[in-house]
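Trainee: First residue of the sequence shown: 4, per the numbering used here; consecutive thereafter. The beta carbon of each residue, even a glycine, is placed where N, CA and C say it ideally should be.
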Amino acid sequence: MAILRLVGRRLLSSVPLLFLVSALTFVLVSLVPGDPARTLVGQHATAAQYAAVRAQLGLDRPLPLQYGHWLAGAVQGDLGSSLFSGEPVTSMLDSRLPVTLSLILAGTLVSGLLGIGLGLLSARRGGRLVRTVDALALLGLGVPAFWFALVLIVLFAVRLRWFPVTGYVPLTDDPGQWLRSLVLPVAALSLGGVAVIAKQTRDAVLDTLGKDFVRVMTANGFSARSITYRHVLRNSALPLVTVLGVVLVSLLAGTVFVETVFAMPGLGGLIQQATVEHDIPVIQGAVLYVTVFVVLVNLAVDLACGRLDPRVRAA
4 MAILRLVGRR
14 LLSSVPLLFL
24 VSALTFVLVS
34 LVPGDPARTL
44 VGQHATAAQY
54 AAVRAQLGLD
64 RPLPLQYGHW
74 LAGAVQGDLG
84 SSLFSGEPVT
94 SMLDSRLPVT
104 LSLILAGTLV
114 SGLLGIGLGL
124 LSARRGGRLV
134 RTVDALALLG
144 LGVPAFWFAL
154 VLIVLFAVRL
164 RWFPVTGYVP
174 LTDDPGQWLR
184 SLVLPVAALS
194 LGGVAVIAKQ
204 TRDAVLDTLG
214 KDFVRVMTAN
224 GFSARSITYR
234 HVLRNSALPL
244 VTVLGVVLVS
254 LLAGTVFVET
264 VFAMPGLGGL
274 IQQATVEHDI
284 PVIQGAVLYV
294 TVFVVLVNLA
304 VDLACGRLDP
314 RVRAA
């Protein structure tokens with residue numbers, strides 16, 4: 004019952020957030036230089052033709068009325084249509100969502116497994132591994148994902164020809180080719196996440212190893228492996244779950260650049276194209292999808308933290 008109340012509170016508190024983000028996005032996009040009506044009719048169109056297209060797209064109405072019309076449709080699940088293709092925004096986003104989700108979920112899995120493994124190993128052994136994790140953290144935070152993606156393409160796609168240079172194969176078409184098309188993008192996307200999680204894991208485990216209960220268990224003859232994996236790692240899980248949620252959200256931002264470099268038909272490429280074309284309904288719909296995703300990730304983190312620590316659940 005407490006979990007249901009928590010979910011209900013989080014979902015209710017997200018409603019003003021969705022409204023605020025959508026309104027702010029609408030205002031900011033309207034301030035960006037560009038006119039979709041002029042792009043559609045061309046530079047040599049007459050004033051009457053230009054005015055007719057603006058009226059057809061609803062761009063001649065005041066900005067509050069434009070936003071109110073969009074909001075009324077969004078509440079009913081209608082995000083409008085693209086100003087350029089006329090395709091429903093929901094269909095455009097839904098068709099590209101599996102690509103982005105594949106990248107994000109695979110990137111989170113790789114970041115979590117490698118990051119926790121490296122951090123745990125460096126905390127237990129110390130020495131060079133500690134310096135390696137620090138160097139990896141500096142590299143992961145300092146190297147842009149798109150630059151690392153270009154390096155991976157040159158080495159493993161162009162020279163060695165192990166993986167395709169660009170493109171995406173749906174899982175339902177060919178699972179093997181789907182996996183091959185994800186390897187390089189996920190590797191480029193996960194570098195920063197591995198670095199952050201590895202450093203956070205090492206610090207959390209070292210902090211837990213200094214607790215009194217660890218010294219008591221060591222004095223009573225418990226093996227180091229049992230202490231580490233059955234007790235220390237569990238007690239260090241709370242900050243790891245939190246940082247994993249942060250990494251998951253940051254991977255969503257990184258997909259915009261990675262999808263562009265690898266020419267993958269995901270949300271990132273669609274957002275970039277819509278921004279260039281000033282396609283307001285597509286931008287609004289994409290921002291709404293992203294905001295809902297962030298809300299769900301935060302909710303999952305809260306539930307996981309409540310499961311791990313009763314004090315969080317009680318609060």
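#1: Assuming contact is defined by CB atoms lying nearer than 8 Å, are histidine 72 and glycine 61 in contact in what I supplied?
#2: How many Å lie between proline 173 and leucine 182 at the Cα?
#3: For valine 35, I'd like the list of residues in its chain whose CB is within less than 7 Å of its CB, leaving aside the five on either flank, ordered along the chain.
#4: Restricting to runs no shorter than 3 residues, where is the beta strand (DSSP E) found entirely within the segment 69 to 150?
#5: Between which two residues does the alpha helix (DSSP H) holding glutamine 275 run?
#6: Do valine 32 and isoleucine 274 count as a contact pair if the criterion is CB distance below 8 Å?
#7: Can you have a look at aspartate 38 and say buried or exposed, based on whether 16 or more other CB atoms are within 10 angstroms of its CB?
#8: I need the DSSP call for phenylalanine 339, collapsed to helix, strand or coil.
#9: Does DSSP put tyrosine 53 in a helix, a strand or coil?
#10: Looking at alanine 152: is its Cβ nearer than 8 Å to the Cβ of glycine 195?
#11: Shortest alpha-carbon distance to threonine 135 belongs to which of Gly122, Leu104, Val146, Leu144?
#12: Run through DSSP, which three-state label would glycine 257 get?
#13: Quick check: the Cα distance between tyrosine 70 and tyrosine 53, rounded to an integer number of angstroms?
#14: Out of Leu100, Ala198, Arg128, Val102, state which residue places its alpha-carbon closest to the alpha-carbon of leucine 144.
#15: Quick check on DSSP: helix, strand or coil for threonine 175?
#16: So, does the segment 157 to 177 touch the segment 221 to 233, judging by three or more C-beta pairs under 8 Å?
#17: Use the C-beta contact count for proline 2: other C-beta atoms within 10 angstroms, 16 or more gives buried, fewer gives exposed.
#18: Taking Cβ positions, are leucine 96 and glycine 288 nearer each other than 8 Å?
#19: For the segment 179 to 230, list the alpha helix (DSSP H) runs that are entirely contained and at least 4 residues long, ordered along the chain.
#20: With contact counted as at least three CB pairs below 8 Å, one residue from each stretch, are the segment 248 to 267 and the segment 288 to 301 in contact?
#21: When DSSP labels each residue in this structure, what does proline 284 get in the three-state scheme?
#22: So glycine 110 and leucine 192 are in contact, right, with Cβ under 8 Å, and what is the actual spacing, rounded?
#23: Going by other Cβ atoms of all chains shown within 10 Å of its Cβ, with 16 needed for buried, is aspartate 305 buried or exposed?
Mentor: Reading from the atomic positions:
#1: One thing to note: histidine 72 has its Cβ within 8 Å of the Cβ of glycine 61.
#2: Straight-line Cα distance between these residues: approximately 9 Å.
#3: Setting aside the 5 residues that flank it on each side, valine 35 is surrounded in the same chain by His281, each with a C-beta closer than 7 Å to its C-beta; the list follows chain order.
#4: As far as the segment 69 to 150 is concerned, it has no whole beta strand (DSSP E) run of at least 3 residues.
#5: 270 to 280 is the extent of the alpha helix (DSSP H) around glutamine 275.
#6: In this structure, valine 32 does not lie closer than 8 Å to isoleucine 274 by Cβ.
#7: By the neighbour-count criterion, in which 16 or more other beta carbons inside 10 Å mark a residue as buried, aspartate 38 falls on the exposed side.
#8: Nothing about residue 339 can be reported from this structure: the residues present for the chain run from 4 to 318 only.
#9: In the three-state reduction of the DSSP assignment, tyrosine 53 falls in the helix class.
#10: The answer is no: Cβ separation not under 8 Å.
#11: Ranking Gly122, Leu104, Val146, Leu144 by Cα distance to threonine 135 puts Gly122 first.
#12: Reduced to three states, the DSSP call for glycine 257 is helix.
#13: Roughly 22 Å separates the two Cα atoms.
#14: Taking leucine 144 as reference, the option from Leu100, Ala198, Arg128, Val102 with the minimal CA-CA separation is Ala198.
#15: Looking at threonine 175 - three-state DSSP - the assignment turns out to be coil, as it is neither helix nor strand.
#16: Judged by Cβ distances under 8 Å, the segment 157 to 177 makes no contact with the segment 221 to 233, as fewer than three pairs qualify.
#17: This structure cannot speak to residue 2, because the chain is shown only from 4 to 318.
#18: Yes, the Cβ-Cβ distance between leucine 96 and glycine 288 is below 8 Å.
#19: Counting only unbroken stretches of 4 or more residues, the alpha helix (DSSP H) elements lying wholly within the segment 179 to 230 are 215 to 222, 227 to 230, in sequence order.
#20: Between the segment 248 to 267 and the segment 288 to 301, the count of Cβ pairs shorter than 8 Å is three or higher; the stretches touch.
#21: Residue state, collapsed to three classes: helix.
#22: Separation of the CB atoms of glycine 110 and leucine 192 is rounded to 4 Å, and the pair is thereby assigned contact status at 8 Å.
#23: Residue environment: aspartate 305 is assigned as buried (16 or more neighbouring CB atoms within 10 Å of its CB, all protein chains considered).
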